[in-house]
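Chemist: With my numbering, the residue at position 198 of the sequence shown is 206, and numbering never jumps.
Dropping the structure in here first, questions after.
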Amino acid sequence: MTSINKKNLDTVNVVYLVCSLFSTDMDFFMLYFLFFLYGLFKIFCKLVKQRHHACYILDYECYKPSDDRKLTAKHTGNIVLRIKNLGRDELQFLLRVMLNSGIGEESYGPQNFFGDREQSPSLSDGMLEMEFFYHTLDNLFSKAKISPSEIDLLVINISTFSPAPSLAARIVNHHKMRDNIKIFNLTGMGCSASLISINLVQNMFKTYKNLLALVLSTESIAPNIYLGKDKSMMLTNLLFRSGGTAILLTNKTDFRQKAMFKLKYLVRTHLGANDDAYQGVMQKEDDDGYQGIVLSKNLPEIVASSQCEPS
Numbered sequence: 009m010t011s012i013n014k015k016n017l018d019t020v021n022v023v024y025l026v027c028s029l030f031s032t033d034m035d036f037f038m039l040y041f042l043f044f045l046y047g048l049f050k051i052f053c054k055l056v057k058q059r060h061h062a063c064y065i066l067d068y069e070c071y072k073p074s075d076d077r078k079l080t081a082k083h084t085g086n087i088v089l090r091i092k093n094l095g096r097d098e099l100q101f102l103l104r105v106m107l108n109s110g111i112g113e114e115s116y117g118p119q120n121f122f123g124d125r126e127q128s129p130s131l132s133d134g135m136l137e138m139e140f141f142y143h144t145l146d147n148l149f150s151k152a153k154i155s156p157s158e159i160d161l162l163v164i165n166i167s168t169f170s171p172a173p174s175l176a177a178r179i180v181n182h183h184k185m186r187d188n189i190k191i192f193n194l195t196g197m198g199c200s201a202s203l204i205s206i207n208l209v210q211n212m213f214k215t216y217k218n219l220l221a222l223v224l225s226t227e228s229i230a231p232n233i234y235l236g237k238d239k240s241m242m243l244t245n246l247l248f249r250s251g252g253t254a255i256l257l258t259n260k261t262d263f264r265q266k267a268m269f270k271l272k273y274l275v276r277t278h279l280g281a282n283d284d285a286y287q288g289v290m291q292k293e294d295d296d297g298y299q300g301i302v303l304s305k306n307l308p309e310i311v312a313s314s315q316c317e318p319s
């Protein structure tokens, strides 16, 4: 009886040991499986989040002024000749710039350039130049089949014209957009303004889901003619023209198939800490008190160096 009980006890111990080992293996397997599922869940969440970070360009509309605002070489020459402060040397310099600029006969100017009023612009002239936004947006909304009330984010950039209320607020009022729309009115950004605006939209897309964004980009010419003799400030009278564009963007995945483009990468370099770059394009007054925009002679080298700076 004793030996049988001992044998039975040994069997029970073996069975208990096997069950214990099996239970330990099951716990380890379950723990490993849970970690595996957690990893898959994190990857899935990251992929879903990245989908909403996408930046799709749905449509755009470029502004083309009417033919009566074509700024031909002859008309540009007449504007230059009306600046009484210019001597023979300055006129010859401007003529060389005009011939070598490559702008041609198909560019446009603001309305006050055609009424001999470019030297005494008013606030109304500046506002009239900006009214193209309304017609351009109407065309864009019609093409994209989007209502102004659907716009969630509005970004306007214009360097040298900043009225109150802002141009962004005027767009909201004219098109009766929603009261919770997010608006940004950027000024003083120069030729980088469009890139900065798109980058702003791209960053907003990383914070908010399912947005429709509108970027408006232009420059103000009407109130910014330079009447002095500084050659570094004369260039803007010849190189800049009227125009603009409106771009519709979204991070809504439902619009992915309708999009014209997908923005994959946007890289910016800010050289503002470099004195030469900082002074490359600057609004100031010359020694005679005439206001204008200085274009540094080192500007091409500054632009080239920005492409080589590590991001």
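Don't be surprised by glycine CBs; every beta carbon is placed ideally from N, CA and C.
1) If I follow the unbroken alpha helix (DSSP H) through Thr-244, where does it start and stop?
2) Would you say Ser-228 and Phe-169 are within 9 Å of each other, going by their C-beta atoms?
3) Check this for me: beta carbons of Arg-77 and Ser-240, under 9 Å apart or not?
4) With three or more beta-carbon pairs closer than 8 Å as the criterion, would you say the segment 64 to 76 touches the segment 252 to 271?
5) Using C-beta distances below 7 Å, list every residue in its chain close to Ile-166, excluding the 5 sequence neighbours before and after it, in chain order.
6) Apart from the five residues just before and just after Pro-173, which ones in its own chain have a Cβ nearer than 6 Å to its Cβ?
7) Pairing CB atoms from the segment 198 to 206 with CB atoms from the segment 217 to 226, are three or more of them under 8 Å?
8) For Asn-86 and Gly-123, I'd like the C-alpha separation in whole angstroms.
9) With a cut-off of 8 Å on the beta carbons, I'd call Asp-294 and Asp-238 a contact; round off their distance for me.
10) Take every Cβ of the segment 141 to 154, pair it with every Cβ of the segment 175 to 184, and state whether three or more of those distances are shorter than 8 Å.
11) Do you know offhand how far Lys-214's Cα is from Ile-255's?
12) Gln-299 lies in the beta strand (DSSP E); which residues open and close that run?
13) Per DSSP, what are the beta-bridge partners of Phe-192 in this structure?
14) Assuming the contact rule is C-beta atoms closer than 8 Å, Val-93 and Gly-300 should be a hit. Round their C-beta distance to whole Å, please.
15) What residue range does the alpha helix (DSSP H) around Thr-215 cover?
16) Let me know the secondary structure DSSP gives Thr-253 once reduced to three states.
17) According to DSSP, what are the bridge partners of Leu-220?
Modeler: On the basis of the coordinates in this document:
1) Counting along the chain, the alpha helix (DSSP H) containing Thr-244 begins and ends at 244 to 247.
2) Cβ distance < 9 Å, so Ser-228 and Phe-169 count as in contact.
3) Going by C-beta atoms, Arg-77 is not nearer than 9 Å to Ser-240.
4) The segment 64 to 76, when compared against the segment 252 to 271, does touch it at the 8 Å Cβ threshold.
5) The residues are Leu-175, Thr-195, Thr-226, Glu-227 and Ser-228.
6) Contacts found: none.
7) In the pairwise beta carbon analysis, the segment 198 to 206 is classified as touching the segment 217 to 226: at least three pairs are separated by under 8 Å.
8) The C-alpha of Asn-86 lies about 12 Å from the C-alpha of Gly-123.
9) Your pair Asp-294 and Asp-238 checks out as a contact, with CB atoms roughly 4 Å apart and the cut at 8 Å.
10) Touching, yes.
11) C-alpha separation (whole angstroms): 19 Å.
12) Looking at the DSSP string, the run of the beta strand (DSSP E) that includes Gln-299 is 299 to 303.
13) Answer is Val-163, bridged to Phe-192.
14) It is worth fixing the name first, because residue 93 is Asn in this sequence and not Val. Contact doesn't hold; Cβ gap of about 12 Å is too wide.
15) Unbroken alpha helix (DSSP H) run through Thr-215: 201 to 215.
16) Strand at Thr-253.
17) Leu-220 pairs with Thr-258.
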